[in-house]
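First the structure, in the form of structure tokens, and then the observations on it.
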């Protein structure tokens, strides 16, 4: 065996993994510069194979870790791989790896990838020849000198360590210790055997008297056996008779119980019905009150709508009357307008002609006067100027002034024409605006009619939603009351269950349930208490409750880990104690076959649960049967070694003990747990229904809110539209007024325009005349033509004035008639026509809702009134129905109260009968218990009699008196043997058996001692052989090395014997004999 490879990591100067090897089987040399790590490499070998680095403290371990730059090293290891081809290490492998690892807090050995202790490592190395205290395989400086200076005994000790004899010494010491213990046991056995043999000698002398005594004793036991058999038969007969009586009483008790149970069920049903009826009555009264309130509101709404309809009808009638009157007057007015227009049309041609003649006469007169004036001015002007130049200058000045005036007049004429055009355009625009607004008014009126219908539909939808919500509220109240009732029943059943299993267990189970609800991991492995995971028919509930006993509160879990976690929770919460059944700890085994019987069935066949939980049920109910009666239960328990229980809860276990009596089914834990599960399921279902109902209520609230919002939006939009209609009508009236004013302004402007046109014409004529005058020479008088023209004009003035006066008079006459007709049309008839048209329009709409057709509004109001009356009628029917239901429920509640009182009275009578029956049953049970005790006592005495003689039947025909006399005689004879050791024979047999046992034990110890001696001899032989083998090998190598180191020299080792002890060779020391070139020294 040799070191094949060394791996170093993190050790001293070796930071990274360094693998040295593979090494050769011969010599290997490690060379390197100073500081390259040769010493650390040697320390790494000693770190694994020697005691140099044993018991390292924390600072020592840190010193061995690499301390170079960079990240600090937290652990290091050195691994040595041995070549084990020679099998020195006990591994069937050619290579064996040994690693030692250290860290800041660890120091471990790993041998072939398995953690081992330090002692195991060095025991293994010593068995392979590695010495721990003086490792020859690691030779440091000075080690050779130390070996040379050793004494012979010291070299012998070193040789023994190298040979690995310490293991043999330790095993030899252990064997010697075992030998001492064996010798001590043999001495004790020898002492006890000696005592037993002395005692057997004493008992030998007492056997003869004992034989005579045994003859009489057998006769006594036969007589007593006969007496006991007769007493036992008598007790059994009385027990059978008592069993018949008890069965009859039990049947009577069962009948009373069933009667009580039936009465209680009826009373409970009546009480539940009473509670339900009270809740229903309360709901009915609330419903009646609600319906009466709704009925009152419906009546108020119908009354308001009736008033609105009457007002709408009055308004419609009034509107029809006003419209009819207005239409009649409008016809008259329009006829008058037509007539006046006809008259005006007849007058207007003549009036226009007269007006034209008047204007023409006025123009002619004005022209004539103007010409006369011009001629006279000209004449005067000719006389004013001396020269033509002065005249022309004056004329040019006047022409310039006239041209300025003409230009100003033309500018005014253009401005007035532009104003005329603007007024005409404004009038046209106003007319278009009025028409547009009329169209908008009509559109908004139609929109009002449409929105009115939509609002009516929305109101109907609102009423339907309110009715639906009321129905949902009733359903919510019903479910809420039902849940409260079921919750009350749940609390009652919880109190029953708590009373049945105990407050401590109930609190503990409740704590565990709550913990599992909060922790999903625990919940997955938690199944619940036994009473909560089983399902039992009502007929077998009492039997299961009695048979299970305290096991009903056992909690079933998946594993013991889950149970441990729950136990910690109970300890932390101080919530009591629970017994857990981990399914992983239940061995899968088939239930023992139950005895076949027509009067009994296996209890577990009547208990249902999930398939994965059946192992737990088999543990509890697997060996229990349901028997028809107590007698059948006793017989089965005795014959088949099973526990039996009756349907009434009487329990007979396999050891013969019986538990029975009255069982109050109202306190049944199984029934309470079953009722709890049913109630929880019902509550959960009704809560789901309540949740759905409330979701529907919320949806109905949302829908109703949306409808109300739509109604409000529609009403707001309707109000806005009504305001728009009023605004548009007012604006149209203002626009029409503006149009009328514009027409008047246009006529005025046209008159001004005509006047300005005349002024322009006159100015142009005057300017033309002055321009012609400039062309003419200056004259002090007028020309003949001018004079003639002036005279003609002057002469024509009276005629022109007369014509103008006549035309004016005629035009004035016609003017009065025309103005009267126009005034009548514009100021009276046309305004009256517009007012009548407006009145007719207003009469066709609502007073408070302009723009809406009154007939349509009246129809809508009548529809609303009809709906309100129908609603009031339905509420009236509902009120009558609710009153009828309330009266019926009150009568039923009164009848139920009477029935409950009767049930209570009957329950009291039945309870009294049951109490009396229980007293009788108790008396029977006491008598039965006494007879059973007597029977058991007799059977015990029979068993104590032991084995009977073969002729014990010879006394069976004797009477009880004769048997008692015979027993008295036999007992008298036995008194003379009172001094006899009645246990001598038994003691003799016991001592004989003990002696044989001890002798066998002593033989075993002797064999063991021989084996130990052989082991010691074998160890000594193997030790000597190892020493000699090692000595020969060391001596050979010593001589070869010395001869190689000292040429011509010779050396050898000498093993000195110290003598022989008990045939065994002992050694005293090892010496060295050397010779250097012909010189010998030892």
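Residue numbers (the UniProt record's numbering): 1 to 1082.
C-beta atoms are modelled at their ideal positions from N, C-alpha and C, and glycine is treated no differently.
Taking a contact as a CB-CB distance under 8 Å, the pair residue 680 and residue 552 does not count as one, their CB atoms being some 18 Å apart. Going by beta carbons, residue 447 and residue 746 fall outside the 8 Å limit.
According to the DSSP assignment, residue 723 belongs to the alpha helix (DSSP H) that extends over 669-775. With 16 or more neighbouring CB atoms inside 10 Å of its own CB, residue 756 falls in the buried class. In the structure shown, residue 534 adopts coil according to DSSP, grouped into three states. Cβ contact annotation for residue 291 (same chain, cutoff 7 Å, sequence separation greater than five): 875, 878, 879, 882, in chain order. Within the model, the alpha-carbon separation for residue 245 versus residue 938 is close to 23 Å. The straight-line gap separating the alpha-carbon atoms of residue 31 and residue 22 is approximately 16 Å.
When the Cα atoms are used, residue 304 and residue 470 turn out to be separated by approximately 23 Å. In the displayed model, residue 52 falls within coil according to three-state DSSP, outside both helix and strand. Judged by DSSP secondary structure, residue 602 falls outside any alpha helix (DSSP H) and instead within the beta strand (DSSP E) spanning 600-602. About 5 Å separates the beta carbon of residue 406 from that of residue 763, a gap short enough to meet the 8 Å contact definition. The Cβ atoms of residue 576 and residue 505 sit closer than 8 Å to each other. Cβ contact annotation for residue 111 (same chain, cutoff 7 Å, sequence separation greater than five): 98, 121, in chain order. Taking C-alpha positions only, residue 403 is separated from residue 809 by approximately 37 Å. The secondary-structure analysis by DSSP pairs residue 499 with nothing; it has no beta-bridge partner. Between residue 714 and residue 458, the C-beta spacing is below 8 Å. Residue 113 sits away from residue 78, with the two beta carbons spaced by 8 Å or more. Taking the CA atoms as reference points, residue 384 sits about 9 Å from residue 390.
Using a Cβ-Cβ distance cut-off of 8 Å, the segment 557-573 and the segment 639-651 are not in contact, since fewer than three pairs of beta carbons, one from each stretch, lie closer than that value. For residue 98, the uninterrupted beta strand (DSSP E) run begins and ends at 95-103, by DSSP. Excluding its 5 nearest sequence neighbours in each direction, residue 487 has C-beta neighbours in its own chain below 7 Å: 683, listed in chain order. Going by DSSP, residue 626 is part of the beta strand (DSSP E) stretching over 624-627. Scanning the segment 511-567 for uninterrupted beta strand (DSSP E) segments of 3 residues or longer gives 526-529, 555-557, listed from N- to C-terminal end.
The residue from 456, 219, 600, 916 with its alpha-carbon nearest to that of residue 718 is 456. If you check the CB distance, residue 728 and residue 433 do not come in under 8 Å. Three or more Cβ pairs drawn from the segment 999-1006 and the segment 184-193 lie within less than 8 Å of each other, which places the two stretches in contact.
Judged by beta-carbon spacing, residue 73 lies within the 8 Å limit of residue 15, meaning their Cβ atoms are closer than that value. For residue 5, no alpha helix (DSSP H) encloses it; the enclosing beta strand (DSSP E) starts and ends at 2-9. Taking the Cβ atoms as the reference, residue 416 lies roughly 5 Å from residue 753, within the contact range of under 8 Å. In the DSSP annotation of this structure, the continuous segment of the alpha helix (DSSP H) that includes residue 797 starts and ends at 784-823.
According to the DSSP assignment, residue 25 belongs to no alpha helix (DSSP H), since it is labelled neither H nor E. By the Cβ criterion, the segment 730-740 is not in contact with the segment 352-365, since fewer than three pairs of Cβ atoms, one from each stretch, lie closer than 8 Å. Judged by pairs of C-beta atoms under 8 Å, the segment 228-237 does not touch the segment 896-903, as fewer than three such pairs exist.
One Cα belongs to residue 533, the other to residue 573, and the distance between them is close to 25 Å.
For residue 615, the uninterrupted alpha helix (DSSP H) segment begins and ends at 614-621.
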